[in-house]
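Step one of this worksheet: look at the structure below.
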Amino acid sequence: MRASAPSDTPSRTLWQRLTSCPRQTVVLCFAAVFVVTLVLAGRQYFLVRARELDLRSHRLELQAVALDVGIRNTEKQMRFLRSAAERLLAEQSAEFDSASDARLRRALEAQDNPLWSLQVSETDAPVRGIGSRELESIPGLHRNDSTLVEDLNLSRLMSRLLSVQHQMSANMTYTIFVSATGVVVASPPLPDDQITKFVRIFAGSQLSRLPKPRPLDDDVIFDPVYERNEATDWRLLFGTPVTRDDAVRGAIVFGISQRLVQDYMRASTISDEIHALVDERGTLIASSENTFSVTKGSWLKTLPKPWNDLSLSMLFKTGSGLSSANEDFLLYRKLQSAGLMLIAYVPAKNLFLSVIGQASVPFVAVWILLGFLLWVTLLVVDQLLAGQLALSAQLRELARVDPLTNLANRRRLEADFGILTQGRYIGRRLSLLMMDIDHFKHVNDAWGHETGDEVLKHLARATSAAVRPQDLVARFGGEEFCVLLPDTSLDEATEIAERVRLAIAETVCLPPQTILPDSAPSREIRFTVSIGVAELISDTCHDLEALVAIADRRLYVAKERGRNRVAANESIQLGGQLG
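601 is the number that our numbering gives the last residue of the sequence shown; the numbers go up by one with no jumps.
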């Protein structure tokens, strides 16, 4: 008798059904692979979108930092001019001999004229004044011969300083000093019909009045919407009061063209985003659009409806972040130096096209090749994504390093200072050295700017070798460097500063022969530095800005003492032309 055939197993039955319908089997397999790849494509899309948003947020942060630096530099220049003006007022004697100064005497004799002048050098900004009758018609302003002579002497100084300031700052529309006695110094000169008008504007502004109680330090006032309704070339206004004995004696005013900020934002913003700089009321200050037009009310009202009711006060309170509505995104970052907010609006369509532009080609290849090629392609995409994420992290790190010297930059300095002064380190000694190359302009003039860069690199190497491993050496800007010294008293920091000074003075910079100009005095370049020292606790500093300000002042003291020195106190008055 014949043996019976073995019964069919479930797997054998399934195989037979698949092989019996090859067309349907191929379609089914393709559909299964398509679904799997579609799921993976969705996953990759959201990963790439998150990375894209992170990159856009990083670009917005860099843009905000650049604007912050510009505002802070302008404020620093104003504080320097204000300090010089107030020091001159404080040093003037109570009695003046105008008879010995013919120019001053002529100005005093002409003070009743509607407009009069104090003669200054042709290279300096003109000094103009309004008549006594015109001044009496302006509430809050008055003068007598004593205060007028003081202001005229001050105006001579401001005439030279403002002229130099305007010439050196190509971005500045005008620099003006106006006194409470009706004296005006302007570079470039104001038209005659604008002088009395400007004095009236000063008298009616907050610059002419000190708040009560008076703050410890009268700060620079920044008005980004000044003159917006009076000119087509809108200006951003910076102003600071000049005081003596708790009384406002005048004000220094800088006007900067709004077009500079507009052009920078347009050049630094990618085409599929809209960037806007607004104040706390939503008033548009500048944007990435090709043209700038004044908008009434909040700039958010110009965006699609979901954003119209967004709370600007909440954005300012948060400081920075990301918000979404209907797949549109709004990135925002508050400027640290002013009450302004930088906002980036990213429409959903633009973001989708940007992400698809990065991810579509690999997935088309996956759907065509199928099977094994599908796995390989997805693996490559994942590796590329991991590499791009690593590159993003590397870019963020590069933003904390000075590209010329490979030292830490100011942003890294601020971050490390924040770590060293957080809650658990309260009471910790922390010192700062501020260094500046003596006569660095001479190096650039004699050896060339490319050689000057080699000098900066040499200084970076010599300083890093002279300090301790735990100390942070950073390039603060230009030829200015600083060293953050944790757990270091003022005396210890002074010793380290002296060691750094000697190390630099005893070394020689030998730049490559190929970059030396034929007119170079020699290949060897010897140079020195001046160093200012400050300590967080002993100098009663509450933040990095205050610590830097004290160290910077002492740096100028070291310059005043003869350069190639270390200064840990401010025992002499600052003055003179420092290099």
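Beta carbons: idealized from backbone N, C-alpha and C, even for Gly. On a predicted model such as this, the values are computed, not experimentally measured, just so you know.
Residue i burial status per 10 Å Cβ neighbour count (16 or more: buried)
i	result
lysine 356	buried
alanine 273	buried
valine 205	buried
alanine 116	Residue placement at alanine 116 is poorly supported in this model, since its pLDDT is 49, which falls under 50; the coordinates still yield a value, given next. Counting Cβ neighbours within 10 Å, alanine 116 comes out exposed, since fewer than 16 surround it.
alanine 86	buried
lysine 581	buried
proline 148	buried
glycine 64	exposed
glycine 379	exposed
threonine 427	buried
serine 201	buried
leucine 429	buried
alanine 590	buried
valine 398	For valine 398, the pLDDT reaches just 46, beneath the cut-off of 50, and the residue's location in the model is therefore unreliable, although a value from the coordinates is still provided. Result: exposed.
arginine 104	buried
isoleucine 152	buried
leucine 435	buried
histidine 471	exposed
methionine 363	buried
leucine 400	Unreliable placement is indicated for leucine 400, whose pLDDT of 44 sits below 50; no coordinate value is reported for it.
threonine 485	buried
serine 309	buried
phenylalanine 68	exposed
arginine 303	exposed
serine 320	buried
threonine 262	buried
Closest by C-alpha distance to residue i, when choosing among the options
i	options	result
serine 168	Gln380, Leu176 and Gln280	Leu176
alanine 542	Arg585, Thr473 and Thr562	Thr473
leucine 352	Leu89, Leu75 and Ala112	Leu75
aspartate 350	Met336, Leu375, Met363 and Gly449	Leu375
glutamate 83	Val171, Val588 and Met287	Met287
phenylalanine 498	Leu229, Asp134, Glu476 and Val91	Val91
isoleucine 278	Asp267, Ile198 and Asp214	Ile198
phenylalanine 244	Gln133, Gly361 and Leu426	Gly361
arginine 422	Ala496, Leu478 and Pro491	Ala496
serine 552	Cys504, Arg432 and Leu137	Cys504
arginine 165	Ser333, Ile365 and Asp134	Asp134
proline 213	Leu137, Lys327, Val57 and Ala370	Leu137
arginine 587	Phe549, Asp561 and Ala571	Phe549
serine 181	Gly449, Ser154, Asp467 and Glu144	Glu144
arginine 483	Val465, Thr529 and Ala519	Thr529
serine 593	Gly584, Val579 and Arg490	Val579
aspartate 215	Arg150, Ala366 and Asp267	Arg150
glutamate 557	Thr536, Leu512, Glu517 and Gln187	Leu512
threonine 562	Phe338, Met190, Gly449 and Tyr67	Gly449
methionine 100	Gln187, Ala72 and Asp146	Gln187
glutamate 567	Arg94, Ser335 and Gly261	Arg94
aspartate 509	Leu538, His461 and Thr443	Thr443
alanine 519	Leu577, Pro246 and Asn466	Leu577
glutamate 172	Val207, Ala112 and Ile223	Ala112
leucine 506	Met457, Pro534 and Asn466	Met457
serine 544	Val465, Gly440, Ile572 and Pro491	Val465
Nearest-angstrom beta carbon gap, residue j and residue i [assumed within contact, 8 Å]
i	j	result
glycine 554	aspartate 574	6 Å
glutamate 501	isoleucine 459	4 Å
glutamate 156	threonine 218	6 Å
leucine 569	leucine 454	5 Å
threonine 317	leucine 306	5 Å
arginine 178	valine 142	6 Å
alanine 488	arginine 451	Rounded, the Cβ-Cβ distance is 20 Å, inconsistent with contact.
tyrosine 196	serine 185	Not quite, the Cβ-Cβ distance comes to about 11 Å (not below 8 Å), so this is no contact.
isoleucine 160	alanine 225	5 Å
aspartate 424	leucine 494	In fact, because the Cβ distance is near 12 Å, the residues do not count as touching under 8 Å.
leucine 258	glutamine 280	6 Å
asparagine 193	leucine 282	5 Å
valine 61	valine 377	The Cβ separation is near 17 Å, so there is no contact.
cysteine 531	histidine 564	Wrong, their Cβ atoms sit about 38 Å apart, outside the cutoff.
leucine 337	tryptophan 329	Not quite, the Cβ-Cβ distance comes to about 11 Å (not below 8 Å), so this is no contact.
threonine 96	phenylalanine 276	6 Å
Problem set entry | beta strand (DSSP E) runs wholly inside the region 317-396, at least 3 long, in chain order | If we require 3 residues or more, the beta strand (DSSP E) runs fully inside the region 317-396 come out as 342-347, 350-356 and 362-368.
Problem set entry | Runs of alpha helix (DSSP H) lying entirely within the region 124-174, each at least 4 residues, in chain order | Entirely contained in the region 124-174, the alpha helix (DSSP H) runs reaching 4 residues are, in chain order, 124-131 and 154-158.
For this session: Let me know the alpha helix (DSSP H) ranges lying completely inside the region 181-250, each 4 residues or longer, listed in chain order.
Result: Counting whole runs of 4 or more residues, the region 181-250 contains the alpha helix (DSSP H) stretches 214-226.
Exercise. Does the pairing of the region 255-275 with the region 90-109 give three or more beta-carbon distances under 8 Å?
Worked result: Below 8 Å, enough C-beta pairs join the region 255-275 and the region 90-109 to call them touching: three or more.
Exercise. Curious, which full-length beta strand (DSSP E) runs of at least 3 residues does the region 507-581 contain?
Worked result: Listed in chain order, the complete beta strand (DSSP E) runs (minimum 3 residues) inside the region 507-581 are 551-557.
Exercise. Going along the chain, which unbroken runs of the beta strand (DSSP E) with 3 or more residues stay wholly within the region 249-287?
Worked result: Correct list: 257-266 and 269-279.
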